[in-house]
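Residue numbering for the sequence shown follows our numbering, starting at 39 and increasing by one per position. Right, one structure below, let's go through it.
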Amino acid sequence: MAEYNSDEERLTAIMDFLKRNQRIILLTFGVVFFTAITSVSVNSYYANQNAQAAELYDAWFIDTLEETNDLEKKASTFNALQENFSKTGYAGLARLIKGSQEAREGNLEAGLEEFNELLDATSGLFGNDVLNVIARMNIARIELSNDNFLNALEVLEPLNSSSEHPMVYEVKADALAGLNKNELALAQYNLAITNIQDESQKSLLKIKINKLTQ
Numbered sequence: 039m040a041e042y043n044s045d046e047e048r049l050t051a052i053m054d055f056l057k058r059n060q061r062i063i064l065l066t067f068g069v070v071f072f073t074a075i076t077s078v079s080v081n082s083y084y085a086n087q088n089a090q091a092a093e094l095y096d097a098w099f100i101d102t103l104e105e106t107n108d109l110e111k112k113a114s115t116f117n118a119l120q121e122n123f124s125k126t127g128y129a130g131l132a133r134l135i136k137g138s139q140e141a142r143e144g145n146l147e148a149g150l151e152e153f154n155e156l157l158d159a160t161s162g163l164f165g166n167d168v169l170n171v172i173a174r175m176n177i178a179r180i181e182l183s184n185d186n187f188l189n190a191l192e193v194l195e196p197l198n199s200s201s202e203h204p205m206v207y208e209v210k211a212d213a214l215a216g217l218n219k220n221e222l223a224l225a226q227y228n229l230a231i232t233n234i235q236d237e238s239q240k241s242l243l244k245i246k247i248n249k250l251t252q
């Protein structure tokens with residue numbers, strides 16, 4: 039460690055250090071400043087996006103609850119939300135609600151289209167994992183109802199088996215049973231039973247197992 043005989047020597051040493059490393063110091067401060075400004079700008083951007091998306095979502099949801107006759111306005115609000123703020127949770131939730139309504143009313147193809155759009159919007163590095171899983175589950179169920187068993191398995195394939203919900207095991211089992219892959223289906227049904235708590239659901243799964251083993 040350097041020793042200085044006076045404050046003047048210490049100050050001179052500091053000045054020499056600053057002169058020798060001027061570029062590095064300026065570059066470091068520049069990077070820190072740029073990072074801080076960028077972070078603030080990004081946070082402000084996302085906050086603004088969410089605020090605008092929330093307004094559109096609220097307007098669309100109110101029209102949905104009131105079953106308004108102004109279908110053109112309702113569709114316009116929904117489209118504006120999806121086109122301008124597709125990566126927000128509000129857009130995803132609106133598409134989930136719309137897809138579920140279509141499916142309940144028997145419009146399976148329309149529902150499937152909405153869920154596929156939701157899947158695309160929530161996939162990737164900055165996607166929404168929760169909505170992505172829900173989209174996959176709904177797509178798989180519609181594909182099952184259309185006897186598209188391979189499609190159902192394919193859409194569920196990316197899900198992490200170590201953290202799957204019992205319903206995922208059940209849907210996979212239903213698809214495998216539809217393909218007459220009974221042994222694989224039984225394995226999935228048993229995984230579902232192992233991970234499920236509700237006794238009534240366990241009973242339904244046992245009925246499915248009995249049908250495969252008869």
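No residue lacks a Cβ here, since even glycine has one placed at the ideal position from N, Cα and C. Please read these numbers as outputs of a predicted model, since none were measured by experiment.
What does the alpha-carbon distance come out to for the pair Lys246 and Lys136?
31 Å
Keeping to the same chain, check which residues put their C-beta closer than 8 Å to that of Lys112; ignore five residues upstream and five downstream.
Trp98, Asp101, Thr102, Thr106
Straight-line CA distance for Leu156 to Ala190?
16 Å
Would you mind reading off the limits of the alpha helix (DSSP H) that contains Asn154?
146-160
Measuring alpha carbon to alpha carbon, tell me which residue in Asn88, Asn248, Glu221, Glu192 is nearest Leu130.
Note that residue 130 is Gly in the sequence shown, not Leu. When each option's Cα is compared against that of Gly130, the closest is Asn88.
From Glu147, Glu181, Gly149, Leu134, residue whose alpha carbon lies closest to that of Ile172
Leu134
Looking only at its chain, what residues have a beta carbon closer than 8 Å to the beta carbon of Leu188, apart from the 5 residues adjacent to it on each side?
Ala213, Leu217
Would Thr115 be called buried (16 or more neighbouring beta carbons within 10 Å of its own) or exposed?
buried
Tell me the rounded alpha-carbon separation between Leu150 and Ala159.
14 Å
Check Thr255 in the structure and name its three-state DSSP category.
The requested residue 255 does not occur in the structure, where the chain is confined to residues 39 to 252.
Given a threshold of 16 other Cβ atoms within 10 Å of its Cβ, counted over all protein chains shown, does Glu104 qualify as buried or as exposed?
exposed
Starting from Ile172 and walking both ways along the alpha helix (DSSP H), at which residues does that stretch end?
167-183
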